[in-house]
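Structure first, then comments.
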Amino acid sequence: MTVEGLAGTDPGAVAGAGEHWWPSLADPGTRIVPVGGAHGVVIGQPHPRLRGHVLSYAGIDGADVAVATVQRVPPECAVMLTIWLSGACRGRLFTARCPAAVPALGVAGLYDRFYRIGPGITGAAVLVALAPPSAFALFGVGMGELANTHLPLADLVGRRAAVLAEQLALCPTWRARFTVLDRTLTRWLSAGPVPDGTLVRAWQRIATSRGGTGIGRIADELGCSRRHLEKKFAEQVGLSPKTVARVWRFQHAAHLLLAAPGRPWADIAHACGYTDQAHLNRDFRLLAGRTPTQLLDARPHP
1 MTVEGLAGTD PGAVAGAGEH WWPSLADPGT RIVPVGGAHG VVIGQPHPRL
51 RGHVLSYAGI DGADVAVATV QRVPPECAVM LTIWLSGACR GRLFTARCPA
101 AVPALGVAGL YDRFYRIGPG ITGAAVLVAL APPSAFALFG VGMGELANTH
151 LPLADLVGRR AAVLAEQLAL CPTWRARFTV LDRTLTRWLS AGPVPDGTLV
201 RAWQRIATSR GGTGIGRIAD ELGCSRRHLE KKFAEQVGLS PKTVARVWRF
251 QHAAHLLLAA PGRPWADIAH ACGYTDQAHL NRDFRLLAGR TPTQLLDARP
301 HP
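Going by the UniProt record's numbering, the final residue of the sequence shown carries number 302, and the count climbs one at a time with no gaps.
This is the structure we're talking about:
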């Protein structure tokens, strides 16, 4: 397990007016600049035995941070586990289903479009980005139940949720918290169901190509039908393989756009496998709720 502190942004990018980009934790190659300074984000990598299951840890030292406005959160390429350690978590989720309170110990399944969150969220928290097949193994439920929604962790693991939160709150450092997560998640994984091997390989193929490889081609490479992949993805990922690839492609394009704002959009569209710039624009509107230009304007400034 390694721990890494990252450079910060103006606190106004989090607490100020307007809506801003929330960083991805699912893939080191798509991380956008996170909040830093006195209320920073500490990134932790899991123990090697969890690689491929846990994609990343993040610790948010949010003592001075308050989400004062409603923020847009584009879809992640991971199932996100969030455990609030201190402070108030009175924010609201605004999804396609209905407004709901933000769970203090919560799990967010894969989303196929952006949702909104806030205001009223303050305090420190631990975030865990999970590969969806591994989330299926951890929680032992069909991932379709988690798609496009947040659920309390206790609904999935019972009393173990409160025990984990108590252990994390007692730790003096982020490194110690990530070590507790290493031990706990290893134990939970060993007791859970085993994901379908073909599905895991298909997920990894989509992830490594960042959505750039066609689903039909992946099915052919794995010696299975496209229908088989769709069935297994519905059960153990929560979204169709085509939609998963779309989210990966969007995250990749957003990273390239924000990393090099002057790069031509048509060049980014081609690099990420979009048919053309209009295709890229349509996906940005659907997944982020804004155009590439609007996303650039909303990015946090170092």
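By construction, the Cβ of each residue, glycine as well, lies at the ideal position given by its N, Cα and C atoms.
Check whether residue i and residue j have beta carbons under 8 angstroms apart
{"i": "V237", "j": "L127", "result": "no"}
{"i": "A58", "j": "G144", "result": "no"}
{"i": "L168", "j": "L105", "result": "no"}
Cβ separation of residue i and residue j, assumed to be a contact under 8 angstroms, to the nearest whole Å
{"i": "L138", "j": "W188", "result": "5 angstroms"}
{"i": "V73", "j": "P132", "result": "Not quite, the Cβ-Cβ distance comes to about 17 angstroms (not below 8 angstroms), so this is no contact."}
{"i": "W84", "j": "A129", "result": "Not confirmed; about 17 angstroms, so no contact."}
{"i": "L295", "j": "L185", "result": "In fact, because the Cβ distance is near 32 angstroms, the residues do not count as touching under 8 angstroms."}
{"i": "T198", "j": "L222", "result": "5 angstroms"}
{"i": "R113", "j": "L286", "result": "6 angstroms"}
{"i": "G52", "j": "F178", "result": "Not confirmed; about 17 angstroms, so no contact."}
Alpha-carbon spacing of residue i relative to residue j, whole angstroms
{"i": "F284", "j": "T293", "result": "10 angstroms"}
{"i": "V35", "j": "S225", "result": "Note that V35 has pLDDT 36, beneath the 50 cutoff, so the model's placement of it is unreliable and the number below is only indicative. V35 and S225: Cα-Cα distance of roughly 43 angstroms."}
{"i": "A288", "j": "A161", "result": "31 angstroms"}
{"i": "L265", "j": "L239", "result": "The sequence shown places Trp at residue 265, not Leu. So the alpha carbons of these two residues sit roughly 27 angstroms apart."}
{"i": "R290", "j": "D297", "result": "10 angstroms"}
{"i": "G158", "j": "A260", "result": "45 angstroms"}
{"i": "G214", "j": "A278", "result": "19 angstroms"}
{"i": "V141", "j": "S190", "result": "15 angstroms"}
{"i": "C77", "j": "P46", "result": "17 angstroms"}
DSSP three-state assignment for residue i, whether helix, strand or coil
{"i": "H150", "result": "strand"}
{"i": "R72", "result": "strand"}
{"i": "L105", "result": "strand"}
{"i": "L130", "result": "strand"}
{"i": "L85", "result": "coil"}
{"i": "G144", "result": "helix"}
{"i": "L55", "result": "strand"}
{"i": "G214", "result": "coil"}
{"i": "R113", "result": "coil"}
{"i": "A260", "result": "coil"}
{"i": "G238", "result": "coil"}
Assigned exposure category for residue i - 16 Cβ within 10 Å defines buried
{"i": "R282", "result": "exposed"}
{"i": "P193", "result": "exposed"}
{"i": "G211", "result": "buried"}
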